[in-house]
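>
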Amino acid sequence: MLNIIAGFEQATSGRTLVGGKQVERPGSDRGVVFQQPTLMPWLTAIDNIAFHLKLKGVGKAERHHRAMEFIDLVGLRGFEHHHPSEMSGGMNQRVGIARALLMNPSVILMDEPFAALDAQTKLEMQEELVAIWQKRRCTIVFVTHSVDEALVLGNKIVVMTKRPGRIREAVNFDLPRPRDITSPEFNDAKRHILALIREESTRLAQAS
């Protein structure tokens with residue numbers, strides 16, 4: 001589904017609309033953050049972030065000026081001239097997020113971007129992402145296999161079936177932020193989503 005929204009693949013039926021417009025190919029209105037940040041190792045953080053501006057012919061001074069806004073936003077000031085090999089996994093993901101934000105997209109698509117991070121860094125990145133969303137207010141579509149992560153981040157949690165990939169249920173979740181994972185509301189929603197997942201696992205087991 002993420003690939004269809006991004007324009008990397010075409011849906012076999014129906015239509016995909018972003019901002020009321022049909023999605024036919026990748027576009028600057030949609031930024032993508034992958035599970036691995038896919039940075040160019042020979043470029044510094046600031047040059048990775050501003051790379052698509054270089055492709056558009058924007059001068060170096062202007063590129064760096066615009067990129068610094070997003071370096072500050074993701075908390076990387078002081079590391080803008082570091083290469084990916086000189087930074088941690090979490091810092092490289094911040095570069096990937098900043099690169100997507102610089103395009104000023106209406107939608108950011110995130111494919112399990114924190115899956116490979118350690119627990120502490122993952123929590124920090126979740127908090128960072130919420131803070132960025134509160135400042136930018138763009139739509140974020142975030143793929144995760146973690147129910148806790150979905151509930152910490154999401155206002156709407158869409159539970160998918162496995163085979164075929166369909167929407168099982170969309171759960172609206174408006175718990176105020178910062179969210180308390182020990183609260184009754186959080187755990188009620190968690191139990192409901194886990195029940196949906198168990199039902200799907202049972203269905204697949206019976207069908208096999």
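Numbered according to full-length UniProt numbering, the sequence shown spans residues 1 to 208.
All C-beta atoms, glycine included, are put in the ideal place defined by N, C-alpha and C.
The structure presented is a predicted model; accordingly, all values stated were derived computationally and were not measured.
1) Just checking my contact of Met110 with Ile140 at CB under 8 Å: how many whole Å lie between their CB atoms?
2) Roughly how far, in whole angstroms, is the beta-carbon of Pro105 from the beta-carbon of Val33, given that I think they are within contact range, below 8 Å?
3) Starting from Lys156, follow the beta strand (DSSP E) in both directions and report where the run begins and ends.
4) Beta-carbon within less than 7 Å of Thr144's beta-carbon, same chain only, minus the 5 sequence neighbours each way: which residues are those?
5) DSSP on Thr12, reduced to helix/strand/coil?
6) Do the region 3-10 and the region 50-65 touch if we need at least three Cβ pairs shorter than 8 Å?
7) Work out the CA separation of Arg198 and Met160 for me, nearest whole Å.
8) What's the gap between the Cα of Arg66 and the Cα of Leu102?
9) Out of curiosity, what's the CA-to-CA distance linking Val152 and Lys190?
10) Taking Leu73 as the reference, which of Gly96, Ile181, Leu55 and Gln35 has the closest Cα?
11) Measure how close the beta-carbons of Met68 and Glu80 come, nearest whole angstrom, since I'm counting them as under 8 Å.
12) What does DSSP give as the partner residues of Ala170 in its beta bridges?
13) Indicate the three-state DSSP secondary structure (helix, strand or coil) for Asp29 in the structure shown.
14) For the alpha helix (DSSP H) containing Thr121, list its first residue and its last residue.
15) Restricting to Cα atoms, I'd like to know which of Asn187, Ile167 and Asn155 is closest to Pro176.
16) Going residue by residue through the region 93-122, where are the continuous beta strand (DSSP E) segments of at least 3 residues, counting only ones entirely within it?
17) Hey, how far is the Cα of Thr133 from the Cα of Phe142?
18) For the candidate residues Trp42, Val147 and Asp174, whose alpha-carbon lies nearest to that of Leu196?
19) I need the straight-line Cα distance from Arg77 to Ile71, nearest angstrom please.
20) Would DSSP call Ile140 helix, strand or coil?
Here's the rundown:
1) Counting from one through the sequence shown, the residue named residue 110 turns up at place 110. Counting from one through the sequence shown, the residue named residue 140 turns up at place 140. Yes, Met110 and Ile140 are in contact; Cβ-Cβ is about 6 Å, under 8 Å.
2) Taking the first residue of the sequence shown as position 1, residue 105 is located at position 105. Taking the first residue of the sequence shown as position 1, residue 33 is located at position 33. That pair is no contact at about 11 Å.
3) Start at 1 with the first residue of the sequence shown, and residue 156 comes out as number 156. Here the beta strand (DSSP E) through Lys156 covers Lys156 to Met160.
4) What you label residue 144 is simply residue 144 of the sequence shown in a count that begins at 1. Closer than 7 Å at the Cβ level, and outside the excluded window around Thr144, lie Glu112 and Ala150.
5) Taking the first residue of the sequence shown as position 1, residue 12 is located at position 12. It is coil, neither helix nor strand.
6) no
7) Mapped onto the sequence shown, residue 160 falls at position 160. Mapped onto the sequence shown, residue 198 falls at position 198. Near 12 Å, if we compare the C-alpha coordinates of Arg198 and Met160.
8) Locating residue 66 in the sequence shown gives position 66, counting from the first residue. Locating residue 102 in the sequence shown gives position 102, counting from the first residue. For Arg66 and Leu102, the distance between alpha carbons rounds to 8 Å.
9) Sequence index remark: in the sequence shown, residue 152 carries index 152 (1-based). Sequence index remark: in the sequence shown, residue 190 carries index 190 (1-based). Near 11 Å, if we compare the C-alpha coordinates of Lys190 and Val152.
10) To locate residue 73, count along the sequence shown from 1; it is residue 73. Ranking Gly96, Ile181, Leu55 and Gln35 by Cα distance to Leu73 puts Gly96 first.
11) Position 68 of the sequence shown, counting from 1, holds the residue named residue 68. Position 80 of the sequence shown, counting from 1, holds the residue named residue 80. Contact flag correct, Cβ pair sits at about 7 Å.
12) The residue you call residue 170 lines up with position 170 of the sequence shown. In the DSSP output, where bridge partners are listed per residue, Ala170 has Val158.
13) Taking the first residue of the sequence shown as 1, we reach residue 29 at position 29. Coil.
14) Residue mapping note: residue 121 aligns to position 121 of the sequence shown, counting from 1. Ala119 to Arg136 is the span of the alpha helix (DSSP H), which, as asked, contains Thr121.
15) Against the sequence shown, residue 176 aligns to sequence position 176. When each option's Cα is compared against that of Pro176, the closest is Asn155.
16) 107-111
17) Taking the first residue of the sequence shown as 1, we reach residue 133 at position 133. Taking the first residue of the sequence shown as 1, we reach residue 142 at position 142. The residue asked about is misnamed: residue 133 is Trp in this sequence, not Thr. Straight-line Cα distance between these residues: approximately 12 Å.
18) To locate residue 196, count along the sequence shown from 1; it is residue 196. Leu196 has its Cα closest to that of Val147, out of Trp42, Val147 and Asp174.
19) The residue given as residue 77 occupies position 77 in the sequence shown. The residue given as residue 71 occupies position 71 in the sequence shown. Those two C-alpha atoms are separated by around 6 Å.
20) By one-based count along the sequence shown, residue 140 stands at place 140. In this structure, Ile140 counts as strand in the three-state DSSP scheme.
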